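First to last, the protein sequences are chains Z and W. The opening position of the first sequence corresponds to residue 1 in the numbering used here, with each subsequent residue numbered one higher. The opening position of the second sequence corresponds to residue 1001 in the numbering used here, with each subsequent residue numbered one higher. Even glycine gets a Cβ: it sits at the ideal position worked out from N, Cα and C. Model, not experiment: these values are computed from the prediction.
2 protein chains.
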Amino acid sequence: MANLWSTQYAGSRSQIDIASYLSGYFDGEGCFAVSISPRSTLRVGWEVRPSVSVSQNATRREVLDLAMEHFGCGTIRRDPGDKTVKWEVRSLQVIRKNVIPHFREYPLLSGKQRDVDALAEVCDLMARDEHRTPQGLISIVEIVKGMNPSGTRRFDPETIKGSVSEMKA
Amino acid sequence: MANLWSTQYAGSRSQIDIASYLSGYFDGEGCFAVSISPRSTLRVGWEVRPSVSVSQNATRREVLDLAMEHFGCGTIRRDPGDKTVKWEVRSLQVIRKNVIPHFREYPLLSGKQRDVDALAEVCDLMARDEHRTPQGLISIVEIVKGMNPSGTRRFDPETIKGSVSEMKA
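Set out below in structure tokens:
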């Protein structure tokens, strides 16, 4: 999966290592996130959803196509609200199989790698179904608290922990 | 200049090609620009200033340090208006010698490469002092008109061309 584009560009762009290029691109534009939303149908009352995404102005979506090709997964869709398009992967299994290994081999060189590591840790917990238990969910909330410090937070960690702790009691 | 960091990271990060990584990063975050401002002390009445820059949240400025190391030039300064830091090169000679060659060898894979090409073209004209002539300035304005389509324009191309045309007449 890694070398489709490298081969395609072997002529005029032989110098570029596509995997490194994409890591650099994601260091700037990528988003490694975990959302936690209320969901009354679940036993713990909260749904945990991991995602990896990158947005770009629609007029130069080339790198999103490149990401989809390289990672062999994800969807690209227009944001109706503005002129951007977004490449996104939301499947736990696909994030673990296609995305995380790339960022182990080609890690981000800024502090954003901490978000990658945190996402990987949450995904590992989810793969063991721990997000369905109160204690597992509390562990996930603790990890997610430290992610994307400059981003917006759509949930209050203490609210979640409070509601889950009541459940345990 | 290219391999200082590659060597430093040779242990844990042997997979990463720093030059490709930086091109990917600049594809997302970099800005290749030419500003044209009124300057009555110059014969043509307008000053042309090329620049290459990249901004980042101050909490993760690692890639800016990496860029300064890799390109062997530029300055990093805080933006007092927000929490970002910016790496920037404004010297015509340094842009031509240290920056443009990198983006020839490791071109951006999105349409932003057109900005790199346009900047290089303007720099070549400036190196021949053509920005000091009415005809040269008009050529530069024509090139700059097509750059950074999603950015803000601080000058009106027609105003510049009008004022320079009067001068030629």
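Contact check between the segment 157-164 of chain Z and the segment 1097-1116 of chain W: fewer than three CB pairs, one atom from each, fall below 8 angstroms, which does not count as touching. Listed along the chain, the chain W residues whose CB falls inside 7 angstroms of the CB of Z:Ser53 amount to none; the nearest CB is some 13 angstroms away.
Taking 7 angstroms as the CB threshold, W:Glu1069 stays off the interface with chain Z. Under the Cβ distance rule, Z:Lys112 counts among the residues neighbouring chain W, one pair being separated by less than 7 angstroms. The DSSP-derived three-state label of Z:Gln15 is coil. Looking at the backbone, the Cα of W:Arg1060 and that of Z:Gly146 are separated by about 14 angstroms.
At a cut-off of 7 angstroms, the C-beta of W:Arg1060 has a neighbouring C-beta in chain Z. Exclusion of the five residues before and after W:Arg1078 leaves Val1085 as the residues of its chain whose Cβ lies within less than 6 angstroms of its Cβ. Annotation: the continuous beta strand (DSSP E) that includes Z:Ile36 extends over 30-38. DSSP links W:Arg1043 through a beta bridge to no other residue. Between W:Asp1027 and chain Z, the shortest Cβ-Cβ separation is below 7 angstroms. By the rule that beta-carbons nearer than 7 angstroms mark a contact, Z:Val63 touches chain W. A contact is defined here as three or more CB-CB pairs under 8 angstroms, and the segment 37-44 of chain Z fails this definition with respect to the segment 104-123 of chain Z.
Interface residue (Cβ-Cβ distance to chain Z less than 7 angstroms): W:Asp1129 is not classified as such. Listed in chain order, the non-local C-beta contacts of W:Asn1057 below 7 angstroms within the same chain comprise Lys1083, Thr1084, local neighbours out to five positions each way being set aside. Distance from the CA atom of Z:Phe26 to the CA atom of Z:Val94, rounded to whole angstroms, is 17 angstroms. In the three-state scheme derived from DSSP, where H, G and I count as helix and E and B as strand, Z:Arg104 is classed as helix. With 16 or more neighbouring CB atoms inside 10 Å of its own CB, Z:Pro134 falls in the buried class. Residue-level contact check: W:Ser1023 touches chain Z, since one or more beta carbons of chain Z fall below 7 angstroms from its beta carbon.
Approximately 6 angstroms separates the beta-carbon atoms of W:Leu1125 and W:Ile1140; this is inside 8 angstroms, confirming the contact. Under the 7 angstroms criterion on CB atoms, Z:Asp17 is classed as interfacial with respect to chain W.
For the segment 1073-1102 of chain W, residues whose beta-carbon sits nearer than 9 angstroms to a beta-carbon of chain Z comprise Lys1083. Where Z:Ile143 is concerned, the enclosing alpha helix (DSSP H) starts and stops at 134-145.
The C-beta of W:Pro1050 has 16 or more other C-beta atoms within 10 Å across all chains shown, which makes the residue buried. Taking each of W:Trp1087, W:His1131, W:Asp1156 in turn and checking the Cα distance to W:Cys1073, the smallest one comes out for W:Trp1087. In the DSSP annotation of this structure, the continuous segment of the beta strand (DSSP E) that includes Z:Arg77 starts and ends at 75-78. The C-beta of Z:Leu119 comes no closer than 7 angstroms to any C-beta of chain W. Residue-level contact check: W:Ser1020 touches chain Z, since one or more beta carbons of chain Z fall below 7 angstroms from its beta carbon. Against chain Z, a Cβ distance below 9 angstroms from W:Leu1066 picks out Leu109, Ser110.
Straight through space, the alpha carbons of W:Arg1090 and W:Val1052 are spaced by roughly 7 angstroms.
DSSP places W:Arg1049 in the strand class (E or B) of the three-state scheme. With 16 or more other Cβ atoms from the protein chains shown falling within 10 Å of its own Cβ, W:Glu1029 counts as buried. For W:Gln1056, DSSP records a beta bridge to W:Val1085. When the alpha-carbon of Z:Asp115 is set against those of Z:Ile16, Z:Ala33, Z:Gln15, the nearest one is in Z:Ala33. Taking the C-beta atoms as reference points, W:His1131 is found nearer than 7 angstroms to W:Val1048. Rounded to whole angstroms, the gap between the alpha carbons of Z:Gly24 and Z:Asp17 is 11 angstroms.
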